[in-house]
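Remarks on the structure that follows.
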Amino acid sequence: MAGQTRRLALLPLYYLMTWHAGATLQARLDAGQHFPAGEVVRLGIALLRAIGALHRLDIVHRDIKTDNIHLGQDGVLRVLDLGVAISLAERKADDPIGQAGTPSYMAPELFDSSEPQPGYDLYAAGVTLYHLLTRKYPYGEIEPFQTPKFGEPARPTRWRPEIPGWLENILLKAVAREAKDRFETAEEFVLALERGATRPIAAPSRQPLIVRNPLQFWKVLAALSLAVNLILLLILMR
3 MAGQTRRLAL LPLYYLMTWH AGATLQARLD AGQHFPAGEV VRLGIALLRA
53 IGALHRLDIV HRDIKTDNIH LGQDGVLRVL DLGVAISLAE RKADDPIGQA
103 GTPSYMAPEL FDSSEPQPGY DLYAAGVTLY HLLTRKYPYG EIEPFQTPKF
153 GEPARPTRWR PEIPGWLENI LLKAVAREAK DRFETAEEFV LALERGATRP
203 IAAPSRQPLI VRNPLQFWKV LAALSLAVNL ILLLILMR
């Protein structure tokens, strides 16, 4: 029995995966591929349906990005790398959990809390579609260990003026700074993309500066106050 156990211990362990010819979305971008708005919408719908399927199983991917999405030569989009995915149904309340994800694709609130939420995948999907269209990130590229400051996301039409307004509104909603302003489910996100120009969503409201960046607001106010006081002083000195 002992000899049999030793022989079993020497057996190599392996698993098999299906090979699909194609490349990740990031590899396609790096190769210079251009993604028209219509193609991004099609890929976005496929991506969100895949994310929705995971969420219905109570699984959060936690690292949706262009590097982890494969577009096969058969035209099928596949989500890769579930290495940091979490099953919310099986997770215990006291299970330790670390921060996961790629900074530029992480929702703003993730920098303060690592508690996994399905909404974080939807935010990352929004950044993915934004990046496919513009090769930029809505809040700029965020480096690891950086503590970013989130203002208003840059409009995609800043880099691609031909992007239709309805699609820009969808992307801005998907990557909104506040979680309450984003899509709540993958199905809601898909519906917005499918309806497109026929039933466009409203443009996101722009928050006042004092809400978006209180420090900048008070700096501007102080500068204006100083300017007014100098003008008054010059008038009195005449």
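Taken in order, the sequence shown gives residues 3 to 240; the numbers are from the working numbering.
Where is the CB? At the ideal position from N, CA and C, for every residue including glycine.
Since we're looking at a predicted model, the values are computed, not measured.
For residue i, which three-state DSSP category applies?
| i | result |
| --- | --- |
| isoleucine 71 | strand |
| valine 86 | coil |
| valine 177 | coil |
| isoleucine 233 | helix |
| isoleucine 172 | helix |
| valine 62 | strand |
| arginine 80 | strand |
| alanine 159 | Correcting the residue identity first, residue 159 is threonine in this sequence and not alanine. If DSSP states are grouped into helix, strand and coil, threonine 159 belongs with the helices. |
| valine 222 | helix |
On the DSSP bridge assignment, give the partners of residue i in chain order.
| i | result |
| --- | --- |
| threonine 26 | His72 |
Over the uninterrupted alpha helix (DSSP H) stretch that includes residue i, give me the two end residues.
| i | result |
| --- | --- |
| valine 42 | 39–58 |
Just the Cα atoms here: how many angstroms apart are residue i and residue j?
| i | j | result |
| --- | --- | --- |
| arginine 162 | glutamate 170 | 10 Å |
| arginine 80 | alanine 176 | 21 Å |
| threonine 26 | alanine 224 | 49 Å |
| valine 192 | glycine 24 | 24 Å |
| tyrosine 67 | lysine 221 | Contrary to the premise, residue 67 reads as lysine rather than tyrosine in this sequence. About 36 Å. |
| tyrosine 122 | glutamate 143 | 17 Å |
| phenylalanine 185 | arginine 201 | 16 Å |
| tyrosine 16 | alanine 156 | 45 Å |
| leucine 211 | leucine 232 | With a pLDDT of only 49 at leucine 211, under the threshold of 50, the placement of this residue in the model should not be trusted; the figure read from the coordinates follows. If I take the Cα positions, the gap works out to 25 Å. |
| alanine 55 | serine 89 | 13 Å |
| leucine 131 | proline 14 | 41 Å |
By the DSSP assignment, the beta strand (DSSP E) with residue i in it spans what residues?
| i | result |
| --- | --- |
| leucine 15 | It is not in any beta strand (DSSP E) - leucine 15 carries neither H nor E in the DSSP assignment. |
| arginine 197 | First-last for arginine 197: 188–197, but that is the alpha helix (DSSP H), not the beta strand (DSSP E). |
4-residue-minimum alpha helix (DSSP H) runs that sit fully inside the stretch 94–152, ordered along the chain: Runs found: 120–136.
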